[in-house]
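Chemist: Sending over a structure as structure tokens; questions will come in a sec.
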Amino acid sequence: MNEKLEEYIAKSKADEQESRNQLLISEGLYYDVRLPENEHPTEGSVYGIDPKDNEYHYFTRHAEELTEEEYEEFLKAYKNNVKNKQYTSISGGMPGISICFYVLGFIVILAGIFVGAQLGNTGMREFNWASAIICWGAFLTGSLFLFGFGKIIALLNDIKNK
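Read in order, the letters of the sequence shown correspond to residues 1 to 162 in our numbering.
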């Protein structure tokens with residue numbers, strides 16, 4: 001086999017093993033090995049209490065050794081866990097966001113009624129219908145956009161939950 005190809009395959013396998021170990025460690029499947037006193041801590045070292053002597057020491061974390069079958073089961077559970085985390089952390093707030101848009105749209109309508117009435121009643125003996133209607137139309141348009149955004153978010157959340 002070509003020497004460069006062998007080096008590439010070996011590097012690829014080493015990178016795959018490293019990413020596998022990092023995933024296992026990030027999910028809590030590791031054991032700590034205490035560093036000797038004369039050894040300097042590395043980037044991946046952690047500082048904690050050794051339960052044997054109740055003193056602080058540096059430790060290196062090593063991923064648990066799993067068979068291929070165990071690792072496949074772990075990946076299935078991990079993917080399911082990640083899927084649930086994404087749903088609860090991102091999509092869990094979607095109904096609240098759509099309700100906020102609805103409430104904000106209602107507040108804009110109420111503010112538009114008040115501002116339009118004040119604008120139509122400025123400094124003249126008669127009510128100025130033109131400026132009031134323009135103001136009411138602008139506020140109504142803005143509130144309809146807010147209602148629309150709220151509805152779009154609610155529908156996207158329903159689609160995601162199917």
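Yeah, the Cβ is synthetic: ideal placement off N, Cα and C, and Gly gets one too. All values reported here derive from a predicted model rather than from experimental measurement.
Rounding to the nearest angstrom, what Cα-Cα distance links glycine 150 and threonine 42 in this structure?
Modeler: Taking the first residue of the sequence shown as 1, we reach residue 150 at position 150. Taking the first residue of the sequence shown as 1, we reach residue 42 at position 42. Looking at the two C-alpha atoms, the distance is approximately 50 Å.
Chemist: Quick one: Cα of cysteine 100 to Cα of phenylalanine 114, how far?
Modeler: Numbered from 1 along the sequence shown, position 100 holds the residue referred to as residue 100. Numbered from 1 along the sequence shown, position 114 holds the residue referred to as residue 114. Their Cα atoms are separated by approximately 21 Å.
Chemist: Assign leucine 24 to buried or exposed, taking buried as 16 or more other Cβ atoms, counted over all protein chains shown, within 10 Å of its Cβ.
Modeler: Taking the sequence shown and counting its residues from 1, one reaches residue 24 at position 24. Label assigned to leucine 24: buried.
Chemist: Under a three-way DSSP split, which group does threonine 60 fall into?
Modeler: For this step, residue 60 is matched to residue 60 along the sequence shown. Strand at threonine 60.
Chemist: Whether or not the segment 3-22 and the segment 46-56 are in contact is what I'm after, with contact meaning three or more pairs of Cβ atoms, one per stretch, closer than 8 Å; do they touch?
Modeler: no
Chemist: May I ask you to report which of helix, strand or coil DSSP gives glycine 28?
Modeler: Taking the first residue of the sequence shown as position 1, residue 28 is located at position 28. Coil at glycine 28, not helix or strand.
Chemist: Would you check if the distance between the CB atom of alanine 117 and the CB atom of phenylalanine 139 is smaller than 8 Å?
Modeler: Translated into the one-based positions of the sequence shown, residue 117 becomes position 117. Translated into the one-based positions of the sequence shown, residue 139 becomes position 139. In this structure, phenylalanine 139 does not lie closer than 8 Å to alanine 117 by Cβ.
Chemist: Please return the same chain residues whose Cβ sits closer than 6 Å to the Cβ of phenylalanine 147, not counting the five positions on each side in sequence.
Modeler: Along the sequence shown, read from residue 1 onward, the residue named residue 147 stands at position 147. The beta carbon of phenylalanine 147 sits closer than 6 Å to those of Gly105, all from its chain and outside the five residues before and after it, given in chain order.
Chemist: Which residues share a DSSP beta bridge with tyrosine 47?
Modeler: Looking up residue 47 in the sequence shown gives position 47. The partner list for tyrosine 47 (beta bridge, DSSP) reads Tyr58.
Chemist: Taking only the alpha-carbon atoms, compute the straight-line gap between alanine 14 and arginine 34 and give it to the nearest angstrom.
Modeler: What you label residue 14 is simply residue 14 of the sequence shown in a count that begins at 1. What you label residue 34 is simply residue 34 of the sequence shown in a count that begins at 1. For alanine 14 and arginine 34, the distance between alpha carbons rounds to 24 Å.
Chemist: From which residue to which residue does the alpha helix (DSSP H) around glycine 150 run?
Modeler: For the purposes of this step, residue 150 is taken as residue 150 along the sequence shown, with counting starting at 1. Judged by DSSP secondary structure, glycine 150 falls within the alpha helix (DSSP H) whose first and last residues are 129-161.
Chemist: With the cut-off set at 8 Å, would you say aspartate 32 and phenylalanine 74 are in Cβ contact?
Modeler: Translated into positions along the sequence shown, residue 32 becomes position 32. Translated into positions along the sequence shown, residue 74 becomes position 74. Taking the C-beta atoms as reference points, phenylalanine 74 is found no nearer than 8 Å to aspartate 32.
Chemist: What is the DSSP secondary structure of arginine 125, counted as helix, strand or coil?
Modeler: Residue mapping note: residue 125 aligns to position 125 of the sequence shown, counting from 1. Residue state, collapsed to three classes: coil.
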